[in-house]
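Residue numbers (full-length UniProt numbering): 1 to 117. Backbone N, C-alpha and C fix where the C-beta goes; we use that ideal spot for every residue, glycine too. Remember, predicted model here, so these are calculated numbers, not experimental data.
Right, here's the structure in full:
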(Lines of atoms letter the chains of each structure in order from A and count residues from 1; the text may use other names and numbers.)
(Lines give C-alpha, C1' and ligand atoms only; values in the text may rest on other atoms or scores of the structure.)
Protein backbone atom coordinates (compact mmCIF):
# COMPACT_ATOMS: atom_id res chain seq x y z
CA UNK A 1 0.00 0.00 0.00
CA UNK A 2 2.88 2.33 0.80
CA UNK A 3 4.44 1.70 -2.63
CA UNK A 4 1.11 2.40 -4.32
CA UNK A 5 0.80 5.71 -2.48
CA UNK A 6 4.36 6.72 -3.40
CA UNK A 7 3.80 5.88 -7.08
CA UNK A 8 0.53 7.80 -7.07
CA UNK A 9 2.20 10.85 -5.52
CA UNK A 10 5.12 10.66 -8.00
CA UNK A 11 2.69 10.58 -10.93
CA UNK A 12 0.83 13.55 -9.48
CA UNK A 13 4.01 15.63 -9.19
CA UNK A 14 5.31 14.57 -12.61
CA UNK A 15 1.99 15.47 -14.20
CA UNK A 16 2.02 18.90 -12.54
CA UNK A 17 5.65 19.54 -13.48
CA UNK A 18 5.15 20.10 -17.20
CA UNK A 19 3.75 23.36 -18.48
CA UNK A 20 1.71 24.13 -21.53
CA UNK A 21 3.19 24.22 -25.04
CA UNK A 22 2.98 27.19 -27.37
CA UNK A 23 2.81 26.44 -31.10
CA UNK A 24 2.26 28.38 -34.30
CA UNK A 25 -0.39 26.47 -36.19
CA UNK A 26 -2.66 26.50 -39.18
CA UNK A 27 -6.19 26.13 -37.89
CA UNK A 28 -9.34 25.49 -39.89
CA UNK A 29 -12.84 24.48 -38.91
CA UNK A 30 -15.56 22.47 -40.59
CA UNK A 31 -18.23 24.55 -42.30
CA UNK A 32 -21.45 23.04 -43.64
CA UNK A 33 -19.72 20.95 -46.31
CA UNK A 34 -15.98 21.63 -46.28
CA UNK A 35 -13.08 23.06 -44.31
CA UNK A 36 -12.82 26.82 -43.85
CA UNK A 37 -9.83 28.82 -44.96
CA UNK A 38 -6.75 28.15 -42.82
CA UNK A 39 -5.81 30.72 -40.18
CA UNK A 40 -2.23 31.27 -39.01
CA UNK A 41 -2.57 31.51 -35.23
CA UNK A 42 -0.70 30.79 -32.06
CA UNK A 43 -2.14 28.12 -29.80
CA UNK A 44 -1.39 27.06 -26.27
CA UNK A 45 -1.71 23.35 -25.55
CA UNK A 46 -2.71 22.32 -22.04
CA UNK A 47 -3.67 19.12 -20.33
CA UNK A 48 -7.18 19.02 -18.97
CA UNK A 49 -5.75 19.08 -15.46
CA UNK A 50 -3.87 22.32 -16.20
CA UNK A 51 -7.04 23.91 -17.60
CA UNK A 52 -9.04 22.78 -14.57
CA UNK A 53 -6.44 24.35 -12.27
CA UNK A 54 -6.44 27.57 -14.30
CA UNK A 55 -10.24 27.81 -14.06
CA UNK A 56 -10.27 27.16 -10.31
CA UNK A 57 -11.56 23.56 -10.35
CA UNK A 58 -8.42 21.43 -10.06
CA UNK A 59 -10.09 18.07 -9.44
CA UNK A 60 -13.67 18.20 -10.68
CA UNK A 61 -13.51 20.75 -13.50
CA UNK A 62 -15.02 20.83 -16.96
CA UNK A 63 -12.00 19.33 -18.73
CA UNK A 64 -10.91 15.69 -18.95
CA UNK A 65 -7.67 15.61 -16.98
CA UNK A 66 -6.06 13.02 -19.29
CA UNK A 67 -6.84 14.84 -22.55
CA UNK A 68 -5.00 17.69 -24.28
CA UNK A 69 -6.61 20.95 -25.33
CA UNK A 70 -5.52 23.61 -27.81
CA UNK A 71 -6.54 27.13 -26.76
CA UNK A 72 -6.66 29.79 -29.47
CA UNK A 73 -7.26 33.37 -28.35
CA UNK A 74 -9.04 35.35 -31.06
CA UNK A 75 -9.77 38.55 -29.19
CA UNK A 76 -9.97 39.70 -25.60
CA UNK A 77 -12.16 37.17 -23.82
CA UNK A 78 -12.85 35.14 -26.99
CA UNK A 79 -11.16 31.77 -27.23
CA UNK A 80 -11.66 28.42 -28.90
CA UNK A 81 -10.85 25.56 -26.53
CA UNK A 82 -10.35 22.51 -28.71
CA UNK A 83 -10.20 19.03 -27.22
CA UNK A 84 -7.62 17.21 -29.33
CA UNK A 85 -8.36 13.66 -30.47
CA UNK A 86 -4.65 12.80 -30.18
CA UNK A 87 -1.57 14.65 -28.99
CA UNK A 88 1.94 13.71 -27.95
CA UNK A 89 3.52 16.37 -25.75
CA UNK A 90 6.28 18.11 -27.69
CA UNK A 91 5.24 16.39 -30.92
CA UNK A 92 4.16 17.92 -34.19
CA UNK A 93 0.55 18.61 -34.97
CA UNK A 94 -0.19 17.19 -38.41
CA UNK A 95 -3.84 17.45 -39.42
CA UNK A 96 -4.78 16.89 -35.79
CA UNK A 97 -8.54 16.90 -35.29
CA UNK A 98 -10.52 18.12 -32.32
CA UNK A 99 -13.84 19.58 -31.21
CA UNK A 100 -14.29 22.92 -29.45
CA UNK A 101 -16.61 23.90 -26.62
CA UNK A 102 -19.47 24.70 -29.03
CA UNK A 103 -19.18 21.38 -30.94
CA UNK A 104 -17.33 22.79 -33.94
CA UNK A 105 -14.82 20.41 -35.55
CA UNK A 106 -11.25 21.75 -36.01
CA UNK A 107 -8.09 20.63 -37.78
CA UNK A 108 -4.69 21.90 -36.60
CA UNK A 109 -1.25 21.54 -38.21
CA UNK A 110 2.14 22.94 -37.23
CA UNK A 111 2.95 26.10 -39.17
CA UNK A 112 6.67 25.46 -39.50
CA UNK A 113 7.00 26.96 -42.97
CA UNK A 114 5.14 30.24 -42.47
CA UNK A 115 2.18 29.53 -44.74
CA UNK A 116 -1.09 27.64 -44.48
CA UNK A 117 -2.86 25.64 -47.13
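Could you tell me the distance, in whole angstroms, from the CA atom of residue 107 to the CA atom of residue 46? C-alpha of residue 107 to C-alpha of residue 46: approximately 17 Å in a straight line.
Three-state class that DSSP yields for residue 97 in the structure shown: Strand, per DSSP.
Can you tell me which of the three DSSP states residue 52 falls into? Three-state result, residue 52: helix.
Distance, Cα to Cα, residue 64 vs residue 58? Approximately 11 Å, taken between the alpha carbons.
What number of angstroms, rounded off, separates the C-alpha of residue 30 from the C-alpha of residue 104? Their Cα atoms are separated by approximately 7 Å.
Measuring straight from C-alpha to C-alpha, what distance separates residue 129 and residue 27? Only positions 1 to 117 of the chain appear in this structure, which leaves residue 129 out of reach.
Go ahead and pull the three-state DSSP assignment for residue 68. It is a strand residue.
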